[in-house]
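Notes for the one structure printed next.
In the working numbering, the protein residues as written are 280 to 528.
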């Protein structure tokens, strides 16, 4: 970052700077004051130019105070980073109109429009809202015996879930691993809601939703039980490291 700022300020010896050399950094500070900032009085500036003097650090502290530098570090490099940024801001403010006009010229001269690379994937060229696409989704839903939603994209999502869960290679090879086990549960045994609907179809749908919710709660409870068992295996079977004189983890 320091090098980039020096390039922006047209520092003449960018290629030879050594950020680990204290003398080199002091020379940059002097160059900044003489060519960019001009904050010190001639007498103080003469003291700043004495980069080998034992009083240079106290002179530099005075200089930082004059610049209102917020840097509290004792590292000269960190102070120099801030001074370079300060010099760049000052340079931009002084020549703001020139920089803005040059920026506009560059932007107006840019005529290259990014080329759109054609895709070889036919899926990228599909129109998901076309009538043909909607009809295809409906035919696929009929083939898989899936209820259709007014929004064909929701129907497509249901198709995707079925294909992933039931029609993958592993599921086809071992269908018993994904097919529900046990006897079908009769909906007649599901208790009705307090505010029973007068529409039998709505009442039937509410019962199905209740069963789905119970199924999800059972899956959640199973996951919780598995976590409890895993933690119990760790806490109830501690390993002893006699070398460390420690029990457990």
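Glycine included, C-beta positions come from ideal geometry on N, C-alpha and C.
Nearest neighbour of residue 329, chosen from 471, 285, 303, 283 [CA to CA]
Scanning 471, 285, 303, 283 for the CA closest to the CA of residue 329 turns up 303.
Determine the direct distance from the alpha carbon of residue 459 to that of residue 419, and round the result to whole angstroms.
23 Å
In this structure, how does DSSP classify residue 404 when only helix, strand and coil are distinguished?
It is helical.
What do you get for residue 315, buried or exposed, if any count of 16 or more other CB atoms within 10 angstroms of its CB means buried?
buried
Contact between the region 328–348 and the region 288–300: three or more CB pairs below 8 Å?
no
Taking the beta carbon of residue 312 as the centre, do at least 16 other beta carbons fall within 10 Å, making it buried, or is it exposed?
buried
Residue environment, residue 464, which counts as buried when at least 16 other CB atoms sit within 10 Å:
exposed
Does DSSP put residue 291 in a helix, in a strand, or in coil?
coil
Member of 341, 402, 421 whose CA lies at the smallest distance from the CA of residue 322
341
So the candidates are 305, 287, 358, 403; which of them puts its Cα closest to the Cα of residue 332?
305
Classification of residue 434 by the beta-carbon crowding that lies within 10 angstroms, buried from 16 upward
buried
Going along the chain, which unbroken runs of the alpha helix (DSSP H) with 4 or more residues stay wholly within the region 426–474?
431–445, 448–452
Which whole runs of the alpha helix (DSSP H) in the region 289–332 are 4 residues long or more, in chain order?
Here the runs fully enclosed are 301–311, 321–328.
Of all the options 470, 430, 400, which has the alpha carbon lying nearest to the alpha carbon of residue 414?
430
Collapsed DSSP secondary structure at residue 353 in the structure displayed:
In the structure shown, residue 353 adopts coil according to DSSP, grouped into three states.
Look at residue 355 and residue 338 and say whether their C-beta atoms are less than 8 Å apart.
no
Near residue 412, what residues of its chain come up, given a Cβ to Cβ distance below 7 Å and the 5 sequence neighbours on each side ignored?
405, 406
Can you give the Cα-Cα distance for residue 451 and residue 421, rounded to whole angstroms?
20 Å
For residue 334, three-class secondary structure by DSSP:
Here residue 334 sits in coil by DSSP.
To the nearest angstrom, how far is it from the Cα of residue 408 to the Cα of residue 505?
44 Å
Starting from residue 504, follow the alpha helix (DSSP H) in both directions and report where the run begins and ends.
Segment 479–514, the alpha helix (DSSP H) holding residue 504.
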